[in-house]
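Residue numbers (our numbering), protein chains in the order written: chain W, 30 to 364; chain B, 30 to 364.
To start, the structure itself, in structure tokens.
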DNA sequence: CTGTTAGCGCTTTCAG
DNA sequence: CTGAAAGCGCTAACAG
């Protein structure tokens with residue numbers, strides 16, 4: 030039976046003919062309760078449609094089992110979904126629930142969000158961005174255990190988890206080399222964001238490790254979208270340099286590159302192998318031929334962040350941990 | 030100054046030399062407080078780094094200012110982001126915050142999520158799905174004001190908000206007709222989901238209203254993804270029927286259709302105009318030429334749902350409201 | 001094993 | 001205008 034007006038532990042107690050202490054004990058699975066009392070309480074709970082008040086419990090125990098989750102732009106990409114999903118699923122496993130605020134990058138709002146969360150006594154805060162970059166989160170975030178996701182603060186004063194873009198760039202290049210390519214083009218994005226620097230570093234390191242000289246004539250720049258990839262690829266092809274493969278900064282640029290390659294009467298992967306980055310499913314899996322790419326570990330970062338907050342944190346030797354998660358290679362048909 | 034150990038209203042009261050009642054009054058902006066007392070309290074609050082306990086407040090007032098937000102699949106599409114974003118932003122405007130759970134369609138988890146939310150005394154629940162369909166949400170959801178988003182229950186026993194797919198199908202077709210097309214192909218998705226039925230109905234109605242006979246030879250079926258669109262378009266083109274435009278069930282199918290059209294040596298929009306559905310930005314804006322499409326009002330539905338929960342609900346004449354939101358036409362270069 | 005009791009921090013009468 | 005007091009529903013001693 031469902032009773033709308035507030036049923037309290039006292040109602041249960043009198044109904045079951047026991048004291049409130051006993052009710053509380055069965056509610057919290059305490060060991061020393063007689064089976065009989067337990068049954069009576071259970072029955073009363075069911076009959077009265079009792080629902081514990083988590084506010085009262087929180088007031089008493091000082092625990093909320095709530096984690097704050099702040100994002101900058103939840104919308105623009107499907108990434109946000111994966112991060113959120115990983116974080117939420119993991120929180121749930123631990124019996125925690127997420128309080129969500131999307132700041133859209135508004136600093137005032139971000140501060141207010143942290144304040145609200147602190148008022149609500151969240152047990153930790155996850156501050157997530159949708160691409161790998163440096164941030165300055167509200168200082169008050171330090172009032173509770175916090176972790177930066179897909180971003181880091183310049184002082185590295187807060188723990189963080191980001192994709193290992195350098196290693197990803199290295200692996201992508203190495204994979205191309207392993208398949209026999211030695212003339213590898215690089216479609217780079219023009220904004221010098223963190224990911225670009227790191228991936229490029231990895232790429233050069235792989236080239237060097239395999240005794241291939243880095244050739245500036247093989248890199249072209251463009252916007253990090255299909256148009257930019259299209260333009261950059263045309264640029265590259267227009268130079269008349271020989272190349273058998275191209276590593277694109279991201280899948281969106283690769284999408285544009287496909288168009289340019291096709292216009293030149295070339296075929297992927299027969300004439301030019303293409304590897305992307307991000308594993309933006311919607312694109313990578315849909316292109317013809319489907320695109321091999323390095324996956325950004327969004328879900329994994331969500332999981333990692335929550336685990337970090339909830340598990341015992343090992344004593345840090347030198348500053349908060351700055352975790353780098355691997356970007357796995359996702360093989361499809363473009364190489 | 031930030032004091033970590035709990036500072037209570039009593040600390041503020043004694044520090045400011047007033048009673049707790051007065052402190053509470055300034056905290057809640059009550060009218061009858063002397064400027065002097067107010068100033069003293071404010072000062073004490075700042076000095077002690079006081080932070081009100083929302084648990085205590087909730088216990089006392091019975092209000093949490095929290096809304097529950099349950100999604101089935103937050104990840105697979107960027108849609109989820111828009112829905113969530115619209116809901117979150119609107120909630121924030123009303124001084125509410127969202128408690129998020131992603132069920133991944135797991136019924137047990139869904140039930141548990143509702144229970145937790147009710148224990149936490151959410152003031153309303155939004156139950157959102159990522160595509161327009163019929164659902165059976167946990168019955169206990171009715172314990173608080175609730176609304177279904179992008180879905181509806183078969184009995185229409187709960188209020189809901191969905192895209193107006195019928196009208197969208199009508200408009201898309203009409204737009205094609207207005208531009209002079211009379212031989213319009215239809216790339217339909219093979220699963221008979223709600224959106225398919227509705228869009229098709231709209232399409233036929235538009236045709237009829239403009240005196241164009243519906244021709245079965247102009248509709249082809251496929252998976253609702255690029256491969257399906259590709260196959261369906263090839264099918265259509267292979268029939269040798271004349272057509273100058275094609276209305277695709279969604280943008281992903283349109284993406285595949287582009288490939289098929291190109292393979293036939295035809296050009297979009299010169300030879301065949303293409304209109305999609307969904308306005309899946311990542312695809313629609315990236316295709317070459319960019320794709321004109323009907324937008325699914327995800328953000329708007331998120332806004333609508335929260336508003337509905339929070340605003341005074343007009344007395345319903347016949348059952349809970351079943352809102353249909355318009356799918357706006359987004360013009361790009363494919364027609 | 002169990003009933004009683006004392007608060008958790010806050011809001012809200014109720015008298016001044 | 002303001003202090004004192006009474007709980008909101010629950011848990012955690014503390015005596016049995």
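For glycine and all other residues, C-beta sits at the position ideal for the given N, C-alpha and C.
The C-beta distance from residue 178 of chain W to residue 213 of chain W rounds to 32 Å, too long to fall under 8 Å, and the pair is not in contact.
Per DSSP, residue 69 of chain W is one residue of the alpha helix (DSSP H) stretching across 64 to 77. The beta carbon of residue 176 of chain W sits no closer than 8 Å to any beta carbon of chain B. In the three-state DSSP reduction, residue 277 of chain W falls in the strand class (E or B). The C-alpha of residue 236 of chain W lies about 35 Å from the C-alpha of residue 110 of chain W. Close CB contacts of residue 140 of chain W within its chain, under the 6 Å cut and outside five residues either way in sequence, are with 167 (chain order).
Close CB contacts of residue 205 of chain W within its chain, under the 8 Å cut and outside five residues either way in sequence, are with 213, 274, 276, 302, 304, 364 (chain order). Residue 161 of chain B and residue 349 of chain W have their C-alpha atoms spaced approximately 45 Å apart. By the Cβ rule, the region 143 to 154 of chain W does not count as touching the region 145 to 157 of chain B, because fewer than three pairs are nearer than 8 Å. Comparing alpha-carbon positions, the option among B:327, B:228, B:359, B:333 lying closest to residue 159 of chain B turns out to be B:327.
For residue 362 of chain B, the number of other beta carbons within 10 angstroms of its own is below 16, and it is reported as exposed. For residue 86 of chain B, the uninterrupted alpha helix (DSSP H) segment begins and ends at 83 to 90. If you check the CB distance, residue 280 of chain B and residue 307 of chain B come in under 8 Å. Under DSSP, residue 181 of chain B forms a beta bridge with B:163. Residue 336 of chain W and residue 90 of chain W have their C-alpha atoms spaced approximately 22 Å apart.
When Cβ pairs closer than 8 Å are counted between the two stretches, the region 260 to 267 of chain W is seen to touch the region 283 to 299 of chain W, the count reaching three or more.
Counting C-beta atoms within 10 angstroms of its own C-beta, residue 286 of chain W has 16 or more neighbours from the protein chains shown and is therefore classed as buried. In the three-state DSSP reduction, residue 314 of chain W falls in the coil class, being neither helix nor strand. Annotated as proximal: residue 330 of chain B and residue 112 of chain B, with beta-carbon spacing under 8 Å. Residue 325 of chain W places its beta carbon less than 8 Å from that of residue 108 of chain W.
Counting only the Cα atoms, residue 210 of chain B lies some 45 Å from residue 339 of chain B. Under the Cβ criterion of 8 Å, residue 333 of chain W is not counted among the residues facing chain B. Looking at the DSSP output, residue 175 of chain W shares a beta bridge with W:154.
For residue 150 of chain B, the C-beta contacts it makes with chain W under 8 Å involve 82, 83, 84, in order along the chain.
For residue 174 of chain W, the closest C-alpha among the options W:184, W:163, W:188 is that of W:188. Residue 106 of chain W is classed as buried because its beta carbon has at least 16 other beta carbons within 10 Å across all chains shown. Here residue 345 of chain B is exposed, its C-beta having fewer than 16 other C-beta atoms within 10 Å. One finds 126 in chain W with Cβ atoms closer than 7 Å to the Cβ of residue 145 of chain B, taken in chain order.
By the rule that beta-carbons nearer than 8 Å mark a contact, residue 312 of chain B touches chain W.
Using beta-carbon distances, residue 153 of chain W does not count as an interface residue toward chain B, since no partner is under 8 Å. Contact note: residue 315 of chain B reaches chain W through 254, 255, 256, 281, 284, 285, 312, using a C-beta cutoff of 9 Å and chain order. In its chain, beyond the 5 residues on either side, 41 have a beta carbon closer than 7 Å to the beta carbon of residue 74 of chain B. The alpha-carbon separation between residue 243 of chain W and residue 221 of chain W amounts to approximately 19 Å.
Per the coordinates, the alpha-carbon of residue 259 of chain B lies some 7 Å from the alpha-carbon of residue 282 of chain B. Between residue 262 of chain W and residue 320 of chain W, the C-beta gap is not smaller than 8 Å, which leaves the two residues out of contact. Straight-line measurement puts the Cα of residue 115 of chain B at about 29 Å from the Cα of residue 202 of chain B.
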